[in-house]
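Structure, as structure tokens:
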Amino acid sequence: MIENRISDRAKILLIDEDTSISYLIRRAMEKENYKIYIAGSGKQGMEMSTGVCPDLILMDNKFSDMEGITLIQWFREWTDCPIIILSERSSYLDKVEALYAGADDYMVKPVNVNEMVLRVGALLRRAQILNEHKIVIGSTEFDYDAMTVITE
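If you're matching positions, the sequence shown starts at 380 in our numbering and goes up one per residue.
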């Protein structure tokens with residue numbers, strides 16, 4: 380039986396100006412069979428995201444060409460894909476501001492790559508469940524496309 384893992388089909392967009400961190404994250408994501416796309420600036424991330432349509436975004440919240448909060452808000456105008464912030468900023472206010480703007484999670488650099496991979500997987504699982512059109516709970520099936528509930 381071939382295991383159908385979320386990571387085998389998930390597209391991740393990484394937006395970070397730090398090439399050494401991008402390299403580490405890329406290696407970790409590829410090891411887990413994610414498709415990873417890397418942008419080196421906020422504007423490049425915006426451009427790339429419309430073509431890639433990522434399943435999850437990993438991003439810093441500080442760029443030389445724009446503020447990370449602006450980028451999060453821009454993403455939230457057209458996508459509900461999970462966003463994880465990877466930042467050197469560790470203050471309570473920075474975290475609250477990013478989460479309030481629409482980020483789903485916030486990790487302070489240097490990040491533990493293993494923990495990051497687990498957080499990515501957890502958010503992708505939740506996003507997949509929300510995008511499923513049928514949910515089965517016990518003997519009851521909810522079909523959102525057909526707008527039906529079937530019980531045995």
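Built from N, CA and C at the ideal position, the CB exists for glycine as well.
Give the straight-line distance between the Cα atoms of L435 and R388, rounded to the nearest whole angstrom.
Rounded to whole angstroms, L435 to R388 spans 12 Å at the Cα level.
Using C-beta distances below 7 Å, list every residue in its chain close to E476, excluding the 5 sequence neighbours before and after it, in chain order.
I448
Quick check: the segment 414-427 against the segment 460-478, are at least 3 beta-carbon pairs closer than 8 Å?
no
What residue range is occupied by the uninterrupted beta strand (DSSP E) comprising S466?
462-466
Distance CB(F442)-CB(E409) smaller than 8 Å
E409 sits away from F442, with the two beta carbons spaced by 8 Å or more.
Mind listing, in chain order, the continuous beta strand (DSSP E) runs of no fewer than 3 residues lying wholly within the segment 435-513?
435-438, 462-466, 484-487
Leaving aside the five residues before and after S428 along the sequence, list all residues of the same chain whose C-beta is less than 6 Å from its C-beta, in chain order.
L392
According to the neighbour-count rule (16 or more other Cβ atoms, all chains shown, within 10 Å of its Cβ), is C432 buried or exposed?
It is exposed - the Cβ of C432 has fewer than 16 other Cβ atoms within 10 Å.
Among all the DSSP beta bridges, which residues are the ones paired with K390?
Under the DSSP definition of a beta bridge, K390 partners with K414.
Which residue comes first and which comes last in the alpha helix (DSSP H) that contains E426?
421-431
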